Amino acid sequence: MAFDKTRFCGVALPGPKPPSPVPPSSQPAPAPLPRAIAALANRQSLSERHATEVFGAVMRGEATPVQIAALLIGLRVKGETAEEIAGAARALREAMVRVEAHGAHLVDTCGTGGGTVSTFNISTAAAFVAAGAGASVAKHGNRSFTSQCGSADVLEALGVRIALDAADAARVLRATCVTFLFAPNFHPAMKHAGPIRRELAVPSVMNLLGPLANPAGVQRQVVGVAERDRAPLVAAALARLGTDHALVVHGRIGMDEIAPQGISDVWEVKAGEVTAWELDPDHYGLAIADVTPLAGAAPAANAARIERLLGDGGHDTAGLAALLLNAGAAIYVAGLADSYADGVTRAREVVRAGKGRAALEGLRRATNAVPTERG
3 MAFDKTRFCG
13 VALPGPKPPS
23 PVPPSSQPAP
33 APLPRAIAAL
43 ANRQSLSERH
53 ATEVFGAVMR
63 GEATPVQIAA
73 LLIGLRVKGE
83 TAEEIAGAAR
93 ALREAMVRVE
103 AHGAHLVDTC
113 GTGGGTVSTF
123 NISTAAAFVA
133 AGAGASVAKH
143 GNRSFTSQCG
153 SADVLEALGV
163 RIALDAADAA
173 RVLRATCVTF
183 LFAPNFHPAM
193 KHAGPIRREL
203 AVPSVMNLLG
213 PLANPAGVQR
223 QVVGVAERDR
233 APLVAAALAR
243 LGTDHALVVH
253 GRIGMDEIAP
263 QGISDVWEVK
273 AGEVTAWELD
283 PDHYGLAIAD
293 VTPLAGAAPA
303 ANAARIERLL
313 GDGGHDTAGL
323 AALLLNAGAA
333 IYVAGLADSY
343 ADGVTRAREV
353 VRAGKGRAAL
363 EGLRRATNAV
373 PTERG
């Protein structure tokens, strides 16, 4: 007699239960980073909030090198949006070491770097002229990645100590109206992405984030951008981030600053709005015929040039033109001039009076007075 597997001793046995379906609401959602990579692979943009989540994971060390590389290249190939740039900047701001700074005229002149025209450290020199005009300058910067000499390199050659912690940087700013914020000291979370970014060897969204995450929380700034098509995105991101007043600039000859030759494009950010305009140096009597004299050199040579320019111009026509055009922008956005033209005029007066040189000397003296064990 066959054995009935559904009965035992004449009693019916219950059949096997089918597996219970998992309610849709309890299905684990993909983590933000894998979800972002999948979206970018399909050329879909991220929301600002999603970008903040994703880059927050990167800054916390929760992403693998492969994931970080996929994220950066995915954004680059698709093309970054202003929302993605702003979201990434928010994540970097949340992770940075903050510097206490106040004042209506607090400004920065940090740009992206990477211009195709070699120049000396124009934005660093402009920071001292802005300080000489009465601005408080929290100059954010780093060592060189793409040129012979970055802002940190030239400041060291000028005798400025750059290894300051947040408290000392704030004290120096209060004492001298200018301080230098050496990026690695204030963005320790960037260590997770830095080596990968350098190994990729192509510009990525990371090139844009430094100027958007000043540790002193500046709301007024001049941002030079090397790639023209990315400059309006940076301006739109600054507007989304609530910047009070900024000029995002690109010299068409290939400068990530206002150029003294040819037209420079300007995107002015104010009250949440972005206005685009063109800047012709000839209108300010500062056009030059040849940009070759602007070429950058080793830190010692660039430092000597800045010392001369801040003194009295040093008979350096090309260098002085570049300095005044960019310092005028910083003075304008700092709220110390009613227009860009007035800013240029004020910059010229500051240089003639030696006030830019005095600002440099003040920074040099103050930073070297900080006890070494605290720097």
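Note that our numbering numbers the sequence shown so that position 238 is 240, with each residue one more than the last.
Just so you know, even glycine gets a beta-carbon here, dropped at the ideal spot from N, CA and C.
None of these values were measured; they are calculated from a predicted model.
Taking C-beta atoms under 8 Å as the contact rule, Glu-85 and Glu-55 fail to qualify, at a distance of about 13 Å.
In this structure, DSSP gives Leu-160 a state outside helix and strand, which the three-state scheme calls coil. Around Val-227, the same chain offers Gly-113, Thr-114, Leu-210, Ala-233, Val-236, Val-250, Val-251, His-252 and Asp-258 as residues with beta carbons nearer than 8 Å, after the five sequence neighbours per side are excluded. Counted as a single uninterrupted DSSP element, the beta strand (DSSP E) harbouring Thr-277 occupies residues 275 to 281.
Residue pairing by DSSP puts Gln-223 in a beta bridge opposite Asp-110 and Ala-248.
Beyond the five residues adjoining it in sequence on each side, Val-372 comes within less than 6 Å, by CB distance, of Asp-170 in the same chain, given in chain order. In this structure, the alpha-carbon of Asn-370 lies about 29 Å from that of Arg-350. In the DSSP assignment, Thr-374 falls outside any beta strand (DSSP E) and carries neither an H nor an E. Gly-134 sits close to Ala-355, with the two beta carbons spaced by under 9 Å.
DSSP, reduced to helix, strand and coil, places Ala-140 within a strand of the structure shown. Short of 6 Å from the beta carbon of Ala-339, and not among the five residues preceding or following it, lie these beta carbons of its own chain, in chain order: Ile-333, Gly-345 and Arg-348. Sequence-distant Cβ neighbours of Ala-91 in its own chain, meaning closer than 7 Å and more than five residues away, are Leu-211, Leu-214, Ala-215, Ala-239 and Leu-243.
The beta carbons of Thr-126 and Val-156 sit closer together than 9 Å.
Restricting attention to Gly-117, Ala-289 and Gly-89, the CA atom closest to the CA of Gly-298 is found in Gly-117. Lys-272: member of the beta strand (DSSP E) spanning 266 to 272, first to last residue. In this chain, the alpha helix (DSSP H) harbouring Val-352 covers 342 to 355.
In chain order, Gly-143, Asn-144, Ala-154, Ile-164, Ala-165 and Leu-166 place their CB closer than 8 Å to the CB of Phe-184, counting only its own chain and leaving out the 5 sequence neighbours on each side. The three-state reading of DSSP puts Phe-122 in coil, since its state is none of H, G, I, E or B. With 16 or more neighbouring CB atoms inside 10 Å of its own CB, His-189 falls in the buried class. Nearest to Asp-292 by alpha-carbon distance, out of Leu-202, Thr-121, Ala-137 and Ser-138, is Thr-121.
Your pair Ala-159 and Asn-304 checks out as a contact, with CB atoms roughly 7 Å apart and the cut at 8 Å. Excluding residues up to 5 positions away in sequence, Ile-265 lie with their Cβ nearer than 7 Å to the Cβ of Asp-282 in the same chain.
For Thr-181, the uninterrupted beta strand (DSSP E) segment begins and ends at 180 to 184.
Ala-203 counts as exposed, since fewer than 16 other C-beta atoms from the protein chains shown sit within 10 angstroms of its C-beta. Apart from sequence neighbours up to five positions away, the residues of its chain that approach Ala-336 with a beta-carbon distance below 7 Å are His-107, Val-109, Ala-132, Ala-137 and Arg-222, ordered along the chain. Rounded to whole angstroms, the gap between the alpha carbons of Arg-200 and Met-208 is 10 Å.
Counting only the Cα atoms, Tyr-286 lies some 22 Å from Ile-308.
Within its own chain, the residues whose Cβ lies closer than 7 Å to the Cβ of Leu-362, once the five positions on either side in sequence are excluded, are Phe-130, Leu-160 and Leu-312, listed in chain order. Proximity to Ile-255 across Pro-34, Leu-296 and Asp-246 peaks at Leu-296, based on C-alpha coordinates. When DSSP states are grouped into helix, strand and coil, Gly-287 belongs to the coil group. Looking at the DSSP output, Met-257 sits in a beta bridge with Gly-253.
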